[in-house]
Amino acid sequence: MNLRSFRTAAWLGWKIESNWTDPFLFAVYSIVKPLSGAAILVVMYSVITNGNFTDPLFPYIYLGNAFYMYVGAVMTGVSWAIIDDREHYRTLKYMYVAPIRIPLYLIGRAVARFLTGSFSVFITIVFGVLFLHVPINLAEVNWLLFIISLLMGVVLLALMGLTLAGVTLLLARHGDYLGDAVAGGLYLFSGAVFPLDVLPAWLRPLGYAMPITYWLELLRRSLVGSVAQAFPSLSAMSNGQLLAILAGMIVLAAVIAVITFRWCDYQARERGYIDRTTNY
Amino acid sequence: MSAEYSIETEGLGRTYRLRENKKKKDQPRELVALTGVNLQVQRGELFGLLGPNGAGKTTLIKILTTLLGPSTGWAKVAGYDVHRETVKVRPLINMVSGGESSGYGLLTVRENLWMFSQFYGMQSVEAYKYIDQLLAEFGLADRANTKSSDLSTGLRQKMNIIRGFMTGPEVLFLDEPTLGLDVGASRDVRSFVRRWINENPRRTLLLTTHTMVEADELCDRVAIINRGRVLACDTPAALKHELQQEAIFNLDVSAQNGLEAAAFEALPGVRKVQLTPLDGHSQLQFILAEESVLSAVVNTLTQRDVTILNLTKREPTLEDVFVTLVGRSMAEEEKVGSNGNGH
Numbered sequence: 217m218n219l220r221s222f223r224t225a226a227w228l229g230w231k232i233e234s235n236w237t238d239p240f241l242f243a244v245y246s247i248v249k250p251l252s253g254a255a256i257l258v259v260m261y262s263v264i265t266n267g268n269f270t271d272p273l274f275p276y277i278y279l280g281n282a283f284y285m286y287v288g289a290v291m292t293g294v295s296w297a298i299i300d301d302r303e304h305y306r307t308l309k310y311m312y313v314a315p316i317r318i319p320l321y322l323i324g325r326a327v328a329r330f331l332t333g334s335f336s337v338f339i340t341i342v343f344g345v346l347f348l349h350v351p352i353n354l355a356e357v358n359w360l361l362f363i364i365s366l367l368m369g370v371v372l373l374a375l376m377g378l379t380l381a382g383v384t385l386l387l388a389r390h391g392d393y394l395g396d397a398v399a400g401g402l403y404l405f406s407g408a409v410f411p412l413d414v415l416p417a418w419l420r421p422l423g424y425a426m427p428i429t430y431w432l433e434l435l436r437r438s439l440v441g442s443v444a445q446a447f448p449s450l451s452a453m454s455n456g457q458l459l460a461i462l463a464g465m466i467v468l469a470a471v472i473a474v475i476t477f478r479w480c481d482y483q484a485r486e487r488g489y490i491d492r493t494t495n496y
Numbered sequence: 043m044s045a046e047y048s049i050e051t052e053g054l055g056r057t058y059r060l061r062e063n064k065k066k067k068d069q070p071r072e073l074v075a076l077t078g079v080n081l082q083v084q085r086g087e088l089f090g091l092l093g094p095n096g097a098g099k100t101t102l103i104k105i106l107t108t109l110l111g112p113s114t115g116w117a118k119v120a121g122y123d124v125h126r127e128t129v130k131v132r133p134l135i136n137m138v139s140g141g142e143s144s145g146y147g148l149l150t151v152r153e154n155l156w157m158f159s160q161f162y163g164m165q166s167v168e169a170y171k172y173i174d175q176l177l178a179e180f181g182l183a184d185r186a187n188t189k190s191s192d193l194s195t196g197l198r199q200k201m202n203i204i205r206g207f208m209t210g211p212e213v214l215f216l217d218e219p220t221l222g223l224d225v226g227a228s229r230d231v232r233s234f235v236r237r238w239i240n241e242n243p244r245r246t247l248l249l250t251t252h253t254m255v256e257a258d259e260l261c262d263r264v265a266i267i268n269r270g271r272v273l274a275c276d277t278p279a280a281l282k283h284e285l286q287q288e289a290i291f292n293l294d295v296s297a298q299n300g301l302e303a304a305a306f307e308a309l310p311g312v313r314k315v316q317l318t319p320l321d322g323h324s325q326l327q328f329i330l331a332e333e334s335v336l337s338a339v340v341n342t343l344t345q346r347d348v349t350i351l352n353l354t355k356r357e358p359t360l361e362d363v364f365v366t367l368v369g370r371s372m373a374e375e376e377k378v379g380s381n382g383n384g385h
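As they're listed, the protein sequences go chains C and H. For the first sequence, the numbering used here assigns the number 217 to the initial residue and increments by one for each residue that follows. For the second sequence, the numbering used here assigns the number 43 to the initial residue and increments by one for each residue that follows.
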């Protein structure tokens with residue numbers, strides 16, 4: 217029954233995500249939005265470095281930014297379902313009364329965002345390879361590492377999303393900003409747009425404490441190994457060490473997610489927040 | 043289900059903490075929505091909770107459906123504690139709230155219903171068959187493939203009612219199910235509810251309403267609830283029987299400034315008086331200890347030069363029971379409640 221609920225939640229998520237009057241517009245939006253985001257970064261990079269696209273920093277930034285789209289898609293996708301169901305569709309209470317595991321339902325709802333996010337990431341990377349000379353050589357890609365890292369990252373982001381969803385349950389107002397705020401904070405300190413070496417020494421531990429840092433590093437290494445290792449912050453670590461750290465952090469994220477969600481869920485029922493709407 | 047009662051509560055209470063309003067420091071910080079509720083609903087029973095808006099009916103349903111924790115006491119549904127054993131309770135129940143437009147508007151009626159059937163573990167083939175049967179029964183068959191956002195509030199409400207019944211719950215909670223429905227649709231729903239409960243003795247239904255007719259017509263037993271307290275609980279007939287020894291009169295009288303209910307309350311044998319100013323005249327409703335008291339009432343009116351336009355004696359209703367218990371009609375109580383005690 218859990219699998220059936222998960223599948224149904226994913227189906228619902230897809231229906232909501234693709235609820236565009238014109239599929240063509242939906243497709244265009246899915247391409248234009250990520251490319252516009254990437255273009256802003258490329259222009260900024262070009263201005264700062266006088267168009268030095270051969271520096272290893274460029275693929276570092278470009279790939280980091282591309283894969284970071286998953287953070288917004290999966291993590292906030294999970295927590296957004298709480299706001300969407302409670303405020304917009306007013307169905308959260310019916311989901312709670314139903315014999316489903318709410319965390320599984322929420323993760324299922326984010327599957328559609330993962331799929332559309334994957335499409336955006338793919339388009340962005342293809343654009344980078346074709347037009348901006350991001351040095352990805354398909355023959356040299358470590359596919360096994362890439363797939364393992366990607367899957368681990370998705371699990372990690374889903375767990376982080378679940379933690380966020382728990383907190384969102386307790387936020388009657390402005391819960392929708394929480395996901396953006398967390399994603400924005402992580403963007404700065406997880407090596408997505410610049411290596412940790414750029415951060416002041418006292419801020420670097422923050423970057424090392426974030427699992428997304430290791431996840432992005434593994435993805436970069438799997439696609440453009442030599443470039444990714446050009447920065448000293450994590451280059452001393454082997455792929456195996458990075459995977460082990462990431463795995464450990466996923467376990468920790470799972471423990472935090474389960475404890476936080478259960479506590480918030482209990483508190484939300486105690487305070488009567490499950491079906492509270494704000495009408496704003 | 044091995045429990046003796048489908049629904050059982052003891053000393054159930056719920057207090058909401060209110061946000062502090064810095065500008066109005068004298069406002070209360072707590073709101074008591076339910077207090078000391080003891081109920082036993084037997085399997086197979088269609089049980090009604092009757093009370094004005096803000097009486098605590100929805101709070102009670104929220105607790106019983108595991109959505110809200112109680113502040114005091116305990117509640118069991120199908121033998122399981124609703125607070126501690128939520129996982130065991132949920133497969134056995136379902137709920138429908140009236141007067142709201144919940145649902146995924148981008149899905150069709152059939153898709154909405156199918157989706158919920160999946161959450162209850164129904165096989166798709168079986169679910170579709172039952173959905174189509176219920177859609178036909180509720181007159182929604184021709185709207186099966188309409189997006190629910192394109193439905194009127196009433197039709198959407200019907201869809202939600204189907205969602206509640208569709209999953210075959212042992213205990214079903216209907217919170218004001220006919221709110222927002224027209225007279226015909228309300229009648230259809232009431233008749234379906236009665237049929238559904240009669241079809242299977244294992245089913246139990248708890249229904250909240252502030253419509254007297256609904257409670258009277260439909261329910262095996264009714265609990266009258268006001269300001270979070272259960273004031274009386276019995277069959278509608280038994281509740282009304284208490285009043286049958288008394289005489290209830292409605293008098294339409296000419297409009298008269300200064301006419302006050304208090305003038306009649308002092309008369310011996312007058313139990314309750316309600317004065318309702320209407321367009322061009324007033325209506326007085328008396329509950330008298332016996333018919334002979336009416337002559338004193340008429341004398342009082344004559345002394346005040348009030349003309350009696352119409353006088354009728356009628357059988358007691360649940361509204362009269364409520365008036366006797368609370369001292370006000372439900373409408374009046376709602377007005378009082380909305381000035382600070384509603385929830």
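Every residue gets a Cβ at the ideal spot worked out from N, C-alpha and C, and that includes glycine.
Nearest-angstrom beta carbon gap, residue j and residue i [assumed within contact, 8 Å]
i      : j      : result
V337/C : A282/C : 5 Å
A254/C : F343/C : 7 Å
T195/H : G226/H : That belief does not hold up - the Cβ atoms of T195/H and G226/H are roughly 15 Å apart, past 8 Å.
T342/H : A305/H : 6 Å
L182/H : K200/H : 6 Å
L60/H  : L76/H  : 15 Å between Cβ atoms; not a contact.
Endpoints, the beta strand (DSSP E) within which residue i is located
i      : result
Y47/H  : 47-59
E72/H  : 72-84
K355/H : 350-356
S324/H : 323-330
V213/H : 213-217
For residue i, the three-state DSSP class (helix, strand or coil)
i      : result
Y206/C : Shown here, chain C extends from 217 to 496; a query on residue 206/C therefore has no answer.
S371/H : coil
I490/C : coil
G115/H : strand
P272/C : coil
P94/H  : coil
F410/C : coil
P319/H : strand
D123/H : strand
L88/H  : strand
R229/H : helix
K377/H : helix
G222/H : coil
R346/H : coil
T359/H : coil
L110/H : coil
M43/H  : Low confidence applies here, because M43/H scores a pLDDT of 45, under 50, leaving its location unreliable; read the following figure in that light. Here M43/H sits in coil by DSSP.
V357/C : coil
T366/H : helix
Residue interval of the alpha helix (DSSP H) (run including residue i)
i      : result
F513/C : Outside the displayed range of chain C (217 to 496) lies residue 513/C, so it cannot be described from this structure.
V335/H : Here V335/H belongs to no alpha helix (DSSP H), and DSSP marks it neither H nor E.
R198/H : 195-208
T100/H : 99-106
G253/C : 239-265
Can you list the beta strand (DSSP E) stretches of 3 or more residues lying completely in the segment 239-314 of chain H, in chain order?
-> Here the runs fully enclosed are 246-251, 263-268, 271-276, 289-296.
Closer than 8 Å, Cβ to any Cβ of chain C: which residues of the segment 129-145 of chain H, in chain order?
-> Of all residues in the segment 129-145 of chain H, the ones placed with a Cβ closer than 8 Å to any Cβ belonging to chain C are V129, R132, P133, I135, N136, M137, S139, E142, S143, S144, G145, in chain order.
Which runs of the alpha helix (DSSP H), 4 residues or longer, sit entirely within the segment 284-353 of chain C?
-> For the segment 284-353 of chain C, whole alpha helix (DSSP H) runs of length 4 or above, ordered along the chain, are 292-299, 308-313, 318-325, 327-347.
Could you list the residues in the segment 265-292 of chain H with a C-beta less than 7 Å from some C-beta on chain C, going in chain order?
-> Flagged: no residues at all.
Under 7 Å (Cβ pairs) to chain D, residues found in the segment 311-340 of chain C | The chain labelled as chain D is not found among the protein chains of the depicted structure, namely C and H.
Output the residue ranges of the alpha helix (DSSP H) runs that lie fully inside the segment 125-189 of chain H and measure 4 residues or longer, sorted by chain position.
-> For the segment 125-189 of chain H, the full-length alpha helix (DSSP H) segments reaching 4 residues or more read 128-131, 151-161, 166-179 along the chain.
Starting from the N-terminal side, write out each stretch of the alpha helix (DSSP H) that is 4 residues or longer and does not extend beyond the segment 381-462 of chain C.
-> As far as the segment 381-462 of chain C is concerned, its whole alpha helix (DSSP H) runs of at least 4 residues are 391-405, 420-424, 427-444, 448-451.
Closer than 8 Å, Cβ to Cβ, to anything on chain C: give me those residues from the segment 157-177 of chain H, in chain order.
-> Hits within the stretch, in order: M157, F158, Q160, F161, Y162, G163.
Could you run through the segment 229-246 of chain C and flag, in chain order, every residue whose CB is less than 9 Å away from some CB of chain H?
-> Residues are counted here when their Cβ sits less than 9 Å from a Cβ of chain H; for the segment 229-246 of chain C these are K231, I232, N235, given in chain order.
What are the residues of the segment 206-233 of chain H that lie near chain C, defined by any Cβ-Cβ distance shorter than 7 Å?
-> Look at the segment 206-233 of chain H: it has no residue with a C-beta under 7 Å from a C-beta of chain C.
Interface residues of the segment 362-393 of chain C facing chain H [CB-CB below 7 Å] | Correct list: empty, as no residue qualifies.
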